[in-house]
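Q: Protein chains in written order, with my numbering: chain A, 3 to 253; chain B, 3 to 253.
Protein chains: 2
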Amino acid sequence: MVTRRNDGNALARNPAGDDAAESQGGRNAVAGKVIRIDGRDEDSRFTAILDAAEAVFAASGYDGATMREIAERAGVAQGLIHYHFSNKQKLFESVIVRRAGHINTQREHMLADLFSCGQLPRTEQVVAALFRPTIESGLSMARDGGGFARILVMLANSTGEREQALAQKHYDPIALKFIDALQRTEPELNREDAVWAYMFAIGVGMTMMAKTGRSLRLSGGVCDDGDIERMMEKIVTYICGGIRALARKPD
Amino acid sequence: MVTRRNDGNALARNPAGDDAAESQGGRNAVAGKVIRIDGRDEDSRFTAILDAAEAVFAASGYDGATMREIAERAGVAQGLIHYHFSNKQKLFESVIVRRAGHINTQREHMLADLFSCGQLPRTEQVVAALFRPTIESGLSMARDGGGFARILVMLANSTGEREQALAQKHYDPIALKFIDALQRTEPELNREDAVWAYMFAIGVGMTMMAKTGRSLRLSGGVCDDGDIERMMEKIVTYICGGIRALARKPD
DNA sequence: GTCTATAGTTCGATAGAC
DNA sequence: GTCTATCGAACTATAGAC
Chain A
3 MVTRRNDGNA
13 LARNPAGDDA
23 AESQGGRNAV
33 AGKVIRIDGR
43 DEDSRFTAIL
53 DAAEAVFAAS
63 GYDGATMREI
73 AERAGVAQGL
83 IHYHFSNKQK
93 LFESVIVRRA
103 GHINTQREHM
113 LADLFSCGQL
123 PRTEQVVAAL
133 FRPTIESGLS
143 MARDGGGFAR
153 ILVMLANSTG
163 EREQALAQKH
173 YDPIALKFID
183 ALQRTEPELN
193 REDAVWAYMF
203 AIGVGMTMMA
213 KTGRSLRLSG
223 GVCDDGDIER
233 MMEKIVTYIC
243 GGIRALARKP
253 D
Chain B
3 MVTRRNDGNA
13 LARNPAGDDA
23 AESQGGRNAV
33 AGKVIRIDGR
43 DEDSRFTAIL
53 DAAEAVFAAS
63 GYDGATMREI
73 AERAGVAQGL
83 IHYHFSNKQK
93 LFESVIVRRA
103 GHINTQREHM
113 LADLFSCGQL
123 PRTEQVVAAL
133 FRPTIESGLS
143 MARDGGGFAR
153 ILVMLANSTG
163 EREQALAQKH
173 YDPIALKFID
183 ALQRTEPELN
193 REDAVWAYMF
203 AIGVGMTMMA
213 KTGRSLRLSG
223 GVCDDGDIER
233 MMEKIVTYIC
243 GGIRALARKP
253 D
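Given below as structure tokens:
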């Protein structure tokens, strides 16, 4: 008999996933608190915990983050985190699931729109669709901006089992669609080079999302990695140049 | 009165950095063990600790790594690590210093050689000089290959104070030389775009050094990020294409 | 130099009152 | 749902024998 809750869907509310001991009377399911049917309410400590976790994981990494700091930042008791998310691993995945679902839906729609209007889009537009939803989500985000983007950087570069499993589950399917798209906008690009092109594009994009401030240092104040719009412009130019160079020189 | 030792140079042997209490007789400085004057001997537990630390930091990150695991892997007592390196932070820096010095010397020489023989080199050669020494060091490395490269990925993508300080200290100077070199091989490239070009190149390079295995997954077994030579070929093509696209389209 | 043993701290997770 | 209190485990670092 395990005491864990919420074993299934990582974002399911009301975590009574174990057995059906619901009918023992007293304070049942929905008590006094207002719980919206769609489950995506602002306020509520549930969301506060996710926001705090996102910020702390982004700043300190998975191992560097502590449940205590997350609880403090969210303004809740540490025990409440375990009530809602069971453990650290599940909390981390929940942070990712919350954003990845919405972002990837957007990315998929942008991509579909590009190919739905008769003529073929430019590769520049495909690359823009690759990053735009993520950086936009990063900007409108909780407190200090860019938290989720930094978590994506961790996911992209880590070899850890935990990170690779999450990347595979939440990002591989959409990645394949972008690889297909690149082969359509650059017909000379063979499959191997299309995959490399995608991987390298992600690598360049991580430079933007990491926001380490190094470009500012190296350029003496000229290249600001906080100026997302300018950086997007440069990145799209660079990536498309790289892709076309691969297409021109196959083997 | 602090008990810390080895406060200065992170790789100084015989850590008696505190005061001059050397003349109290008995077992003095060099006792029975053979210590080579150049200080860079194989065997010896000092080196074993650095090798183990490199592997464990690479696999688990700074916070995920534990002194216990490093000690076990090195086959030494945990206390010995603190005798040689004082604490975790200094051990981490020592791991970086050991490789970065040698690698960056090589990179600097390769770069100087390219520009010393009369005519201007190709950008392709500059980009090769950027990565070749690092990946070669990664291959000839301790046990399982590529450990240090993965530590560089951490360094490049982290916003943490510790990582940024190390990157600045050990990698910013050589970075500026490569940025200068790019402006010489691509005269149309203005300074801002040269810095972006360098940052993006590093981003692409990190894709190679991270070796997550994702390209293999996405390509159904075709794109092997363990095949360094093939990947280098693709990366050089891609990066040069990107750089030239930036040079062609300034603003 | 190298080891054993352990002090002192912090972490993730649980128990139980309300 | 939410909080307080705490347990047991793991961590870094130190002390002291050899």
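Beta carbons: idealized from backbone N, C-alpha and C, even for Gly. Computed from a predicted structure; not experimentally measured.
(1) With a threshold of 7 Å between beta-carbons, can Met234 (chain B) be considered close to chain A, or not?
(2) By Cβ distance below 7 Å, which residues in the same chain neighbour Ile204 (chain A) in space, the five residues on each side in sequence not counted?
(3) Which bits of chain B does Met208 (chain A) rub up against, with CB to CB less than 8 Å?
(4) Is Thr214 (chain B) helix, strand or coil by DSSP?
(5) Taking 7 Å as the threshold (C-beta atoms), are Gly162 (chain B) and Ala60 (chain B) in contact?
(6) Beta-carbon separation of Ile181 (chain A) and Val206 (chain A) under 7 Å?
(7) At least one CB of chain A closer than 7 Å to the CB of Lys90 (chain B): is that the case?
(8) Within 7 Å (strictly less), CB to CB, does Leu113 (chain B) reach chain A?
(9) Given that a residue counts as buried once 16 or more other Cβ atoms are within 10 Å of its Cβ, and exposed if not, what is Pro135 (chain A)?
(10) In chain A, what lies closer than 7 Å to Ala177 (chain B) by C-beta?
(11) Tell me, please, whether the CB atom of Asp65 (chain A) is closer than 7 Å to any CB atom in chain B?
(12) Residues of chain B with a CB under 7 Å from the CB of Gly244 (chain A): which are they?
(13) When DSSP labels each residue in this structure, what does Thr68 (chain A) get in the three-state scheme?
(14) Name, please, each residue of chain B whose Cβ falls closer than 8 Å to the Cβ of Lys213 (chain A).
(15) Using a Cβ cut-off of 7 Å (strictly closer), state whether Pro252 (chain A) contacts chain B.
(16) For a quick check, are the C-beta atoms of Leu191 (chain A) and Ala130 (chain A) less than 7 Å apart?
(17) For Lys90 (chain B), which three-state DSSP category applies?
(18) Should Leu184 (chain B) be labelled buried (16 or more other beta-carbon atoms within 10 Å of its own) or exposed?
(19) Are Ala169 (chain B) and Leu220 (chain A) close, meaning C-beta to C-beta below 7 Å?
(20) What number of angstroms, rounded off, separates the C-alpha of Thr107 (chain A) from the C-alpha of Tyr200 (chain A)?
A: Reading off the structure:
(1) In the second sequence, the residue the question calls residue 234 (chain B) occupies position 232. Taking CB atoms only, Met234 (chain B) has no neighbour in chain A less than 7 Å away.
(2) Taking the first sequence and counting its residues from 1, one reaches residue 204 (chain A) at position 202. Only residues of its own chain outside the window of five on either side were considered, and among them Ala158 have a CB closer than 7 Å to the CB of Ile204 (chain A), listed in chain order.
(3) Within the first sequence, residue 208 (chain A) is the residue found at index 206, counting from 1. What Met208 (chain A) touches in chain B: Asn159, Gly205 and Met208.
(4) Stepping through the second sequence from its first residue, residue 214 (chain B) is reached at position 212. Here DSSP, grouped into helix, strand and coil, assigns Thr214 (chain B) to coil.
(5) In the second sequence, residue 60 (chain B) corresponds to position 58, counting from 1. In the second sequence, residue 162 (chain B) corresponds to position 160, counting from 1. No, Cβ-Cβ distance for Ala60 (chain B) and Gly162 (chain B) is not below 7 Å.
(6) Here residue 181 (chain A) corresponds to residue number 179 of the first sequence, with the count starting at 1. Here residue 206 (chain A) corresponds to residue number 204 of the first sequence, with the count starting at 1. In this structure, the beta-carbon distance from Ile181 (chain A) to Val206 (chain A) does not fall below 7 Å.
(7) Walking along the second sequence from the start, residue 90 (chain B) turns up at place 88. Using beta-carbon distances, Lys90 (chain B) does not count as an interface residue toward chain A, since no partner is under 7 Å.
(8) Within the second sequence, the letter at position 111 stands for residue 113 (chain B). Cβ-Cβ to chain A under 7 Å: no for Leu113 (chain B).
(9) Indexing the first sequence from 1 puts residue 135 (chain A) at position 133. Flag for Pro135 (chain A) reads buried.
(10) Mapped onto the second sequence, residue 177 (chain B) falls at position 175. Think of a sphere of 7 Å around the beta carbon of Ala177 (chain B): the chain A residues whose beta carbon falls inside it are Leu220, in chain order.
(11) In the first sequence, residue 65 (chain A) corresponds to position 63, counting from 1. Yes, contact with chain B.
(12) The residue given as residue 244 (chain A) occupies position 242 in the first sequence. Ordered by position in chain B, the residues that pass the 7 Å Cβ test against Gly244 (chain A) are Tyr240, Ile241, Gly243 and Gly244.
(13) As a working mapping, residue 68 (chain A) is identified with position 66 in the first sequence. Three-state DSSP puts Thr68 (chain A) in coil, outside helix and strand.
(14) Along the first sequence, read from residue 1 onward, the residue named residue 213 (chain A) stands at position 211. In chain order: Thr161.
(15) Your numbering for residue 252 (chain A) matches position 250 in the first sequence. Not an interface residue.
(16) Stepping through the first sequence from its first residue, residue 191 (chain A) is reached at position 189. Stepping through the first sequence from its first residue, residue 130 (chain A) is reached at position 128. No.
(17) The residue given as residue 90 (chain B) occupies position 88 in the second sequence. In the structure shown, Lys90 (chain B) sits in a helix (DSSP, three-state: H, G or I).
(18) Position 182 of the second sequence, counted from the start, is the residue given in the question as residue 184 (chain B). The residue in question, Leu184 (chain B), is buried, as its Cβ has 16 or more Cβ neighbours within 10 Å.
(19) Numbered from its first residue, the second sequence carries residue 169 (chain B) at position 167. Numbered from its first residue, the first sequence carries residue 220 (chain A) at position 218. No, Cβ-Cβ distance for Ala169 (chain B) and Leu220 (chain A) is not below 7 Å.
(20) In the first sequence, counting from the first residue as 1, residue 107 (chain A) sits at position 105. In the first sequence, counting from the first residue as 1, residue 200 (chain A) sits at position 198. So the alpha carbons of these two residues sit roughly 19 Å apart.
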